[in-house]
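This report concerns only the one structure given below.
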Amino acid sequence: MRNRELISLILIALVTALALWINLVPSQTFLGRDVSFRLGLDLQGGIQVLLRSTDPETTPDEMETARRVIERRVNALGVGETVVQLAGNDRLIVELPGVENPEQAIDTLRGTGRLEFIDSQGQFLAPGTVVRTSNSPNPPQLSATEGVTETVDPATLGPIYQSITDGADLDTSSVQPTISQTGVASRPAVSFTFRGESATRLAQFTASNIGQPMCIVLDNRIVSCPVVDAALTDGSGVITTNTVEDRDAILNQLKYGALPVPLVVETTRSITATLGQESVQASIVAGTVGLVVVALFMILFYRFPGVLATLALIIYTLISFAIYRFVPITLTLPGIAGFVLSIGLAVDANVLIFARLREEYRRGRDIRRALELGFEESWPAIRDSSVSTLITCAVLFVFGSNFGVSIIQGFALTLGLGILISLFTAVVVTRTFLRLAAPLFREDRAWLFGIDRRESLAAPPAGPKVV
Amino acid sequence: MEKLVARRYWWFLFSLLMILPGMYFMLLHPLVTTGKFAFGLRPSIDFSGGALWELRFADKAPGEISDEAVAAVFAAQGFDNAQVRMSQVELEGRQVADAIVRTRPLSETNPREETAAVEAALQAEFGTVTRERLESVGPTVSQESTRSAIIAVVVATLIILLYLTWAFRKAPHPVRYGICAILAMIHDVLVVLGIAAIFSTFNQRFEVDALFLTALLTILSFSVHDTIVVFDRIRENLINRHPAETFDNVVNHSIVQTLPRSINTQLTTFFTLTALLLFGGETIQNFVLIMLIGLVSGTYSSIFNAAQLLVVWEHREWRRWFGRGGSSADERSAAPAN
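Those sequence lines, one after another, are chains A and B. Take the first sequence: its position 261, counting from 1, is numbered 261 in our numbering, and each next residue is one higher. Numbers given in our numbering equal positions in the second sequence, counted from 1, plus 467.
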């Protein structure tokens, strides 16, 4: 008996020490893992978008290519903790935390990156104009906008210009940042090279159109219309831009290849770091107040066992935080709400046990027996309540796998996890503490345990219990 | 405490008083005010699609900007019928105007141009504007969310039914216990939906979103479990009852026994939820509030509805409800026996 308690106590001490270590280690690493808290976008600011392919015949392979291209573009942005994942057959989820100008970043990411030379029929088209090309006659920019369902008359969209090169033939390894020197002014630029048939066609076209303009088009938007000085035999060209930011955006789109499918933004959520920070502070206050009030209640109402329950609650909090850090579990606002709620549930089991303990003691059992009975008889209720909440969490978690309601998952996860951890702390930890403390108990110190036999006279008559 | 069961119709009346106003605002109020039938719940963009903007006007004090002025700027940029709700927020020690604006979803092809245009127009009109939050949900996504919300509710209900069947597998009247537990659960759903309808009518910021559904489902699991604990005690005490004890007495006695447990376990949860409500920030306020209301309703319904309904069933009292005047006298004369 004593031996078993000692083993339990050592186990509890080990788990607590481990949790403390993970929570307090100055380097924020444990077993080579980063154990700092991961905050969701709603707490640290950032953007989350759901991109959908507008091509109804998108194949899984194309989506996978799109995912890889976007992932490489995202990595080039150099922000941490990004997410790029496939959702269903034609969608991609992209998350960028802590980005300065999130909408701009998303625009760059989802740009198809299809670079073309077109035969502008001798015209100088204004940069920024959206044009139809023979390789991409129906750009999404020109198709129906929100709420407009009637088909647009193709004639009103303007002429289709002949594409000289195909975006797929761009040699991505040749895409380099450069400086364009025009007279004295130097401007940031991107150099590139076409391969294969596109290079041949470009050579043929430029050879026969010297002195004529020829337009460079990126994703159906005119970039510039330089005049052909000489035949471009090596398929190479330069895009001149006005700012370094513009250049980097174009560079990013071209360097990692073109997207095989055009993507539109179906759903977007963005939040500033300011608002996220406010939420973090509010959550910390709410969590602390919740913890303190529950601890006070337990101590005032259950006295010495209440103190032990509070100790168990502190261990509970330490273990929860350690798991959030180690797994890691990304904390969102509903996730923190789930944790704070679980503080209340974590002492639920203790309340059940202590209520039973009082009842058994009043019935004239000695403290040890009352203690053991308290745990034994309240177990079915604790088990049932945990199982029913866990099932609800599971349903909520599955429901939350839908992109539109993914906010729920954080709540379901922390609440469910809280139930499991509290089974350990409220049952194993409290029981060990109480068993070890049982020798301290004396009849004249019964008030310490918040129990009194004399009350039993006032209590309703009770038959033997079978639970 | 001895008359908890004897006063059962008072408890039912109280429940009815809690539910009926909510049902009016849920089902009839839209019909009365607009002449068209509609549910009195305001769905959020999670389920109905659209965009939600949170804007802060650092140069403007609260009250300096009207809802209409903001809506007009949105309309000029192609967002007709923007619903604007002004409020205030503390920024660097002073109160500034803050707006939550609900509009149609952003364009799928060039959302950045739309947001940039709106922001520029707002800046021109009101000075410094920061867009703290922007959520835009397209129609397909919101339809999918709605569909899966319905599936989640159905699945959760089925699981709760299975759980009830399992919990009462050994009881003498499993169907009776099960139905009474379900009635108590329906009570909680009606209370929460009714209060949500009242909020939807009077509080412009209240919306039924994914978190509302989460709160509802979580509450149901708490409530059903509470009912099971009370019923378990009743079953236990029935097995060991004295021959002289009436059914009413056993139920009353069981309620009294489980009362401290029910109240204390709910209290701890109540404390943490209240802390969240007061300090947890505005984003989850509605969620926590619904959870709190549901928690209280769940505890009430397990003690004052579910267990009392068992007594009603035991005496088959409904035969008297619509009978002649003499029947209620029977009941009154039966009461002192408790």
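For each residue, glycine too, the CB sits at the ideal point set by N, CA and C.
Point to revise | Reduced DSSP category for residue 735 of chain B - H, G, I as helix; E, B as strand; rest coil | key: helix
Check your understanding: For residue 52 of chain A, which beta-bridge partners are listed by DSSP?
Key -> A:91 and A:264
Check your understanding: What separation, rounded to the nearest whole angstrom, lies between the Cα atoms of residue 647 of chain B and residue 640 of chain B?
Key -> 11 angstroms
Review point. Is residue 604 of chain B helix, strand or coil when you go by DSSP?
Key: strand
Check your understanding: Mind pulling the chain B residues with CB within less than 7 angstroms of residue 297 of chain A?
Key -> 734, 735 and 738
Check your understanding: Distance, Cα to Cα, residue 146 of chain A vs residue 608 of chain B?
Key -> For residue 146 of chain A, the pLDDT reaches just 38, beneath the cut-off of 50, and the residue's location in the model is therefore unreliable, although a value from the coordinates is still provided. Residue 146 of chain A and residue 608 of chain B: Cα-Cα distance of roughly 15 angstroms.
Practice item. Pull up the DSSP beta-bridge partners for residue 46 of chain A, would you. Key: A:97 and A:271
Exercise for review: Take residue 525 of chain B as the anchor and find which of B:676, B:592, B:689 and B:489 has the nearest alpha-carbon.
Suggested key: B:592
Check your understanding: Could you give the uninterrupted runs of the alpha helix (DSSP H) lying entirely in the region 485-511 of chain B, keeping only those of 4 residues or more?
Key -> 496-501
Point to revise | Unbroken beta strand (DSSP E) run spanning residue 119 of chain A, endpoints | key: 115-119
Practice item. Hey, could you find the ends of the beta strand (DSSP E) residue 520 of chain B is sitting in? Key: 517-524
Review point. By the 10 Å Cβ neighbour count, where 16 or more other Cβ atoms means buried, how is residue 632 of chain B classified, buried or exposed?
Key: exposed
**Study point:** Where the beta strand (DSSP E) through residue 191 of chain A begins and ends
**Key:** 185-193
Practice item. Would you tell me roughly how many angstroms separate the C-alpha atoms of residue 305 of chain A and residue 754 of chain B, rounded to the nearest one? Key: 33 angstroms
Review point. Whole-angstrom Cβ separation of residue 547 of chain B and residue 676 of chain B, contact assumed at under 8 angstroms?
Key: Contact flag wrong, Cβ pair sits at about 23 angstroms.
Practice item. Please report how far the alpha carbon of residue 219 of chain A lies from the alpha carbon of residue 115 of chain A, in whole angstroms. Key: 7 angstroms
Review point. How many angstroms separate the CA atom of residue 611 of chain B from the CA atom of residue 50 of chain A?
Key: 13 angstroms
Review point. Residue 469 of chain B: buried (16+ other C-beta within 10 angstroms of its C-beta) or exposed?
Key: exposed
**Study point:** Assumed close pair residue 98 of chain A, residue 45 of chain A - CB separation to whole angstroms, cut-off 8 angstroms
**Key:** 6 angstroms
Exercise for review: Using a Cβ cut-off of 7 angstroms, pull out every chain B residue sitting near residue 104 of chain A, in sequence order please.
Suggested key: 579
Exercise for review: Helix, strand or coil for residue 566 of chain B, going by three-state DSSP, please let me know.
Suggested key: strand
Review point. Is the beta carbon of residue 718 of chain B less than 8 angstroms from the beta carbon of residue 777 of chain B?
Key: yes
Check your understanding: Along chain A, in chain order, which residues have C-beta atoms closer than 8 angstroms to that of residue 536 of chain B?
Key -> The contacting residues do not exist; residue 536 of chain B stays about 23 angstroms from chain A at best.
Point to revise | CA-to-CA distance, residue 428 of chain A to residue 366 of chain A, given in whole angstroms | key: 21 angstroms
Check your understanding: For residue 332 of chain A, does the three-state DSSP call read helix, strand or coil?
Key -> coil
Review point. Sorted by chain position, which residues of the same chain lie with C-beta nearer than 6 angstroms to residue 689 of chain B's C-beta, five sequence neighbours on each side aside?
Key: 765
Review point. In whole angstroms, what separates the C-alpha of residue 162 of chain A from that of residue 393 of chain A?
Key: 57 angstroms
Practice item. Could you check how far apart the C-beta atoms of residue 47 of chain A and residue 599 of chain B are, in whole angstroms? I think they sit under 8 angstroms. Key: Not really, about 13 angstroms apart at Cβ, beyond 8 angstroms.
Review point. For the alpha helix (DSSP H) that contains residue 685 of chain B, what are its first and last residues?
Key: 677-706
Check your understanding: Taking the C-alpha atoms as reference points, what is the distance between residue 167 of chain A and residue 583 of chain B?
Key -> 29 angstroms
Point to revise | Residues that residue 553 of chain B bridges to, as DSSP identifies them | key: B:566
**Study point:** Nearest-angstrom Cα separation, counted from residue 666 of chain B out to residue 467 of chain A
**Key:** Below a pLDDT of 50, predicted positions are generally treated as unreliable, and residue 467 of chain A, at 38, falls in that range; no measurement from the model is reported.
**Study point:** Segment contact, 8 angstroms Cβ cut-off, at least three pairs: the region 71-84 of chain A with the region 132-141 of chain A
**Key:** no
Practice item. Could you check the C-alpha separation between residue 69 of chain A and residue 75 of chain A for me, to the nearest Å? Key: 10 angstroms
Review point. Alpha carbon to alpha carbon, how far is residue 576 of chain B from residue 239 of chain A?
Key: 24 angstroms
Check your understanding: With a cut-off of 8 angstroms, does the C-beta of residue 742 of chain B fall near any C-beta of chain A?
Key -> yes
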